[in-house]
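Using our numbering, read the sequence shown as starting at 121 and increasing by one per residue. Beneath this line is the structure, given in structure tokens, with notes to follow.
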Amino acid sequence: MIDAVFFDMAGTTVDDGESVLRAFERVLDRAELEDESRERARHYVVETMGQSKIEVFTHLFASRAPQLNRDFEEFFRDEVDRRGAREIPGVRSLIEDLTSSGVRVALTTGFSPETRELLVERLGWADLVPVRVSPSDAGRGRPYPDMIWRAATELGVSDIRRTGAAGDTPSDIWSARRAGVGLVVGVLSGTGTVEDFAALEVEHVLPSVVDANELFANEGA
Numbered sequence: 121m122i123d124a125v126f127f128d129m130a131g132t133t134v135d136d137g138e139s140v141l142r143a144f145e146r147v148l149d150r151a152e153l154e155d156e157s158r159e160r161a162r163h164y165v166v167e168t169m170g171q172s173k174i175e176v177f178t179h180l181f182a183s184r185a186p187q188l189n190r191d192f193e194e195f196f197r198d199e200v201d202r203r204g205a206r207e208i209p210g211v212r213s214l215i216e217d218l219t220s221s222g223v224r225v226a227l228t229t230g231f232s233p234e235t236r237e238l239l240v241e242r243l244g245w246a247d248l249v250p251v252r253v254s255p256s257d258a259g260r261g262r263p264y265p266d267m268i269w270r271a272a273t274e275l276g277v278s279d280i281r282r283t284g285a286a287g288d289t290p291s292d293i294w295s296a297r298r299a300g301v302g303l304v305v306g307v308l309s310g311t312g313t314v315e316d317f318a319a320l321e322v323e324h325v326l327p328s329v330v331d332a333n334e335l336f337a338n339e340g341a
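This is how it looks when you write it as structure tokens:
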């Protein structure tokens, strides 16, 4: 029985047109890294996709992290203004179907609340998914379980084992497992690969989160 589902945003429910990666590249330009250091930083950014952005920048840039994180937020908003952001096809119907069947839904993301709400506004999701959680709302971001626990509390979940989660990165998987989520789904619409999910022995790996509708419905029956 599934009582609630936690969805990641960028790469899972939202197609940001690679705005995240483009914003990171602009941060690396601003940081003025040498070629070798830049390549290491780029690799780390991709490897940790889905995690709290400020935590990623703290690892890479130490004391410069707060300013570069603010730069990232600015660059990302600019990229979204230029390129747009759209829902993964079918996501609205998926969420509406789950909600109408009694399954509660929340969004979790490594974005700051300000950037998260920018996307929510652009997509018209404010009423569709009222519970939305960022790392600063919960204490820690992925791969820790805090955001899912915070979302579960806001949704009134009584048994975390009767929940599902879907995401496009290994960090999403680790976060869900550590939280005790009962049904964890990896999706291939973002940065995660078949190999990434195979290495974590993820049982359910789907092309799109929309393909999880029947899976969540069957578990909820």
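We put the CB at the ideal spot given by N, CA and C, even for glycine.
- Boundaries of the beta strand (DSSP E) in which Ala-124 is found, first to last residue: Taking the sequence shown and counting its residues from 1, one reaches residue 124 at position 4. Element bounds for Ala-124: 124-128.
- Message: If you measure between the beta carbons of Asp-135 and Arg-197, is that distance less than 8 angstroms?
- Response: Here residue 135 refers to the residue found at position 15 of the sequence shown. Here residue 197 refers to the residue found at position 77 of the sequence shown. No, these two residues do not count as a Cβ contact at 8 angstroms.
- N-terminal and C-terminal residue of the beta strand (DSSP E) that Val-307 is part of: By 1-based counting over the sequence shown, the position of residue 307 is 187. Looking at the DSSP string, the run of the beta strand (DSSP E) that includes Val-307 is 303-307.
- Exposure of Met-169, with buried meaning 16 or more beta-carbon neighbours within 10 Å: Residue mapping note: residue 169 aligns to position 49 of the sequence shown, counting from 1. When all chains shown are included, Met-169 counts as buried.
- Do you know offhand how far Glu-159's Cα is from Glu-315's? By 1-based counting over the sequence shown, the position of residue 159 is 39. By 1-based counting over the sequence shown, the position of residue 315 is 195. Rounded to the nearest angstrom, the two C-alpha atoms are 22 angstroms apart.
- Task: Tell me Leu-412's beta-bridge partners as DSSP assigns them.
- Result: This structure does not reach residue 412, given that the chain is present from 121 up to 341, and the question cannot be answered.
- Which stretch, first to last residue, makes up the beta strand (DSSP E) that contains Leu-326? Sequence index remark: in the sequence shown, residue 326 carries index 206 (1-based). Element bounds for Leu-326: 324-326.
- Message: Quick check: the Cα distance between Asp-279 and Thr-235, rounded to an integer number of angstroms?
- Response: The residue given as residue 279 occupies position 159 in the sequence shown. The residue given as residue 235 occupies position 115 in the sequence shown. Their Cα atoms are separated by approximately 30 angstroms.
- Message: Using DSSP's beta-bridge definition, name the partner residues of Asp-135.
- Response: Stepping through the sequence shown from its first residue, residue 135 is reached at position 15. Answer is Arg-206.
- Message: I'd like to know whether the C-beta atoms of Ala-271 and Val-240 end up nearer to each other than 8 angstroms.
- Response: In the sequence shown, residue 271 corresponds to position 151, counting from 1. In the sequence shown, residue 240 corresponds to position 120, counting from 1. No, they are not a contact pair.
- Which value, in whole angstroms, describes the spacing of the CA atoms of Gly-108 and Ser-291? Residue 108 falls outside the range modelled here, since the chain spans only 121 to 341, and no answer is possible.
- Message: Between which residues of its own chain and Leu-214 is the CB-CB distance below 8 angstroms, once the five residues before and five after are set aside?
- Response: Residue numbering aside, residue 214 sits at position 94 when the sequence shown is read from its first letter. Within the same chain, Leu-214 has close Cβ partners Val-329, Val-330, Ala-332, Asn-333.
- Host beta strand (DSSP E) of Thr-283 (start-end): Translated into the one-based positions of the sequence shown, residue 283 becomes position 163. Start and end: 283-287.
- Going by CA-CA distance only, name the one from Glu-193, Val-147, Pro-209 that's closest to Ser-309. In the sequence shown, the residue the question calls residue 309 occupies position 189. For the residues Glu-193, Val-147, Pro-209, the minimum Cα distance to Ser-309 belongs to Pro-209.
- Query: Which of helix, strand or coil does DSSP assign to Leu-153?
  - Reply: Taking the first residue of the sequence shown as position 1, residue 153 is located at position 33. In the structure shown, Leu-153 sits in coil (DSSP, three-state: anything other than H, G, I, E or B).
- Item | Ser-232 versus Arg-282, Pro-255, Leu-218, Arg-242, residue with shortest Cα-Cα distance | Start at 1 with the first residue of the sequence shown, and residue 232 comes out as number 112. Selected option, being the one with the closest Cα: Pro-255.
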